[in-house]
Amino acid sequence: MPGADHATTSVPAPTPRQLRWQQAGFGLFLHFGINTFHGKEWSDGTLDPRAFDPAELDAVQWVETARAAGAAYVVLTAKHHDGFCLWPTDTTDYSVRSAPWRGGRGDVVAELAEACRRAGIGLGLYLSPWDRNAACYDDPDPAAYDAFYLRQLTELCTRYGPLVELWFDGAGSEGRTYDWDAVMAVIDRHQPEAMVFNMGRPTIRWVGNEDGLAADPVHYAASSSRLSVYAHEDTALDAPAYLPPECDVPIRSHWFWQPDDLDTLKSREHLLGIWYRSVGLGAGLLLNLPPDRRGLIDPVDRARLLETTDELARRFARPYPAELTELTELTGSGTEYRARFPAPVTIDHLELREELTAGQHITWHRILADGRPLVSAGTVGVRRIHAFEPVTVTELTIRLTGAMDGAGLCAVTGFRTGHSRLPELEPQSGMLAGKIDHEPERTA
């Protein structure tokens, strides 16, 4: 409520690695595997591994695409639900060892890890808990598959250098229990800096849809998470935790490359809308560009991605940083800041950044331009980008009218982008399908 007293409830605080991940903001998802060569999204673990033969596979091209787009990391599907492994695992023959590619001696994960290392791009790996090929998955004793999975995870955590993210997809695992304590022990021992997506002892969570769209406001403190679009209920956490969301979305309608879905390639405006509704709201964005059967990212997909990120670079090329001064605390209604520009500037975008070291504290804010109302909204987080009709200003007043003790801003920056209206997108999948969780406009 506007004008409400400060909340004194403590909030979960982030770790330094969580803050680093949030500041990165953007990564590329790489769905690639046996499904790529059979025109499938999901398969049952029986597809012939001899079909896997990406004769032109070039992990450097994948990473160069990520670097050119400004992505900080990539996440590869090292093993999808079908159980086919993109590295020469010692746990199963259903892997690149049984493929003609590189004479059965290839290792997609190793090639990608080396390309990432050389380019300074972070490497993340997706390892599906659900495995439709492993016979032990259906063993009456779940310990058999737990041991199998731990061996695979240990291989990935010890063979390929530092990992920035381990992506645990909950699809197919509804109602299944895994030995997450043992999984986390492996991660804690071998990859303590890796972010853990959504399962086990997560450090980041799924946003709740596969459209790349965060709900507004974006809250980092969570007491539960949802495994997948197929789960009907949230999974409770042991205790409230700092869990910023990651928004995953494919650039076309499918996750794996398909030969006949070029007409579903998202437009530049759609991708810009996704960026504003994820990164621009303080969430992370993981955009899927699937390599094709040659082992290359489709040049059409690459061109559309770079067309989008080039436009973002143009819009935000000339920042106008403001000098922030914290003013007298407003009695019972939060904290007030003055953001002063060195000279009058004309802006149509404004980026706010919250001081998050002790956790997320801002729940509502209102901005006045030279004393006139400009915009109001909920959370700020690692970044909050507002768009509005151009205004010429010297000074902004920012009132944290909904704030808990400890709330604070660390940066305010204006931009003149030439755009004041953002694409309007509605989620089509997951928990937010058909609705956006906007809070009603406040007057204070």
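Throughout the sequence shown, residue numbering follows this note's numbering, covering 627 to 1070 in sequence. Even for Gly, the Cβ is constructed at its ideal location relative to N, Cα and C.
In the three-state scheme derived from DSSP, where H, G and I count as helix and E and B as strand, Tyr752 is classed as strand. The bridge partners DSSP lists for Gly653 are Tyr699 and Leu912. Here the alpha carbon of Thr803 sits roughly 51 Å from the alpha carbon of Thr1023. Annotation for Ala820: Leu789, Val790, Glu791, Leu792 and Ile813 place their beta carbon closer than 7 Å to its own, counting only its chain and skipping 5 residues before and after. Cβ contact annotation for Cys742 (same chain, cutoff 6 Å, sequence separation greater than five): Val689 and Leu749, in chain order. If you ignore the 5 residues before and after Val833, its C-beta comes within less than 7 Å of the C-beta of Ala840, Pro871, Glu872, Cys873 and Ala909, all in its own chain and listed in chain order. Arg930 sits in a helix when the DSSP states are folded into three classes. Around the beta carbon of Leu712, a 10 Å sphere encloses 16 or more other beta carbons of the protein chains shown; the residue is thus reported as buried. By the Cβ rule, the segment 939-954 does not count as touching the segment 720-737, because fewer than three pairs are nearer than 8 Å.
Judged by beta-carbon spacing, His707 lies within the 8 Å limit of Trp756, meaning their Cβ atoms are closer than that value. By the C-beta density criterion, Thr983 is exposed, having fewer than 16 other C-beta atoms within 10 angstroms. For Thr780, the closest alpha carbon among the candidates Gly798, Ser754 and Arg815 is that of Arg815. Closest in alpha carbon position to Asp733, among Phe658, His896 and Ile973, is Phe658.
Between Val701 and Gly653 a beta carbon distance of about 6 Å is seen, short of the 8 Å cut, so the two are scored as contacting. Apart from sequence neighbours up to five positions away, the residues of its chain that approach Ser879 with a beta-carbon distance below 6 Å are Asp887 and Thr890, ordered along the chain.
Ser1002 counts as buried, since at least 16 other C-beta atoms from the protein chains shown sit within 10 angstroms of its C-beta.
Three or more Cβ pairs drawn from the segment 970-981 and the segment 1034-1052 lie within less than 8 Å of each other, which places the two stretches in contact.
Taking 8 Å as the cut-off, the Cβ atoms of Leu751 and Ala704 count as close.
In the DSSP annotation of this structure, the continuous segment of the alpha helix (DSSP H) that includes Val812 starts and ends at Trp806 to His816.
Proximity of the segment 929-943 to the segment 895-902 meets the contact definition, three or more beta-carbon pairs being nearer than 8 Å.
The alpha-carbon separation between Glu737 and Tyr963 amounts to approximately 49 Å. Counted as a single uninterrupted DSSP element, the beta strand (DSSP E) harbouring Leu994 occupies residues Ile988 to Ala995. DSSP, reduced to helix, strand and coil, places His975 within a strand of the structure shown. Residue burial annotation: Cys1036 is exposed, with fewer than 16 other C-beta atoms found within 10 angstroms of its C-beta. The beta-bridge partner set that DSSP reports for Val1017 consists of Ile973. When the alpha-carbon of Thr717 is set against those of Ala770, Asp924 and Leu950, the nearest one is in Ala770.
The beta carbon of Glu949 sits closer than 6 Å to those of Arg966, all from its chain and outside the five residues before and after it, given in chain order. CA-to-CA, the gap between Arg992 and Thr961 works out to about 11 Å. For Ala694, same chain residues with a beta-carbon under 7 Å away, outside a window of 5 residues either side, are Leu932 in chain order. In the three-state reduction of the DSSP assignment, Tyr963 falls in the strand class, which pools E and B.
Look at His896 here: in three-state DSSP terms it is helix. The C-alpha of Pro680 lies about 12 Å from the C-alpha of Ile923. Sequence-distant partners of Leu683 (beyond 5 residues in either direction) whose C-beta falls short of 6 Å from its own C-beta, in its chain, are Gly921.
Remark: C-beta atoms of Trp806 and Arg777 do not approach each other more closely than 8 Å.
Per the coordinates, the alpha-carbon of Ala865 lies some 6 Å from the alpha-carbon of Ser849.
Residue pairing from DSSP places His1012 in a beta bridge opposite Leu976.
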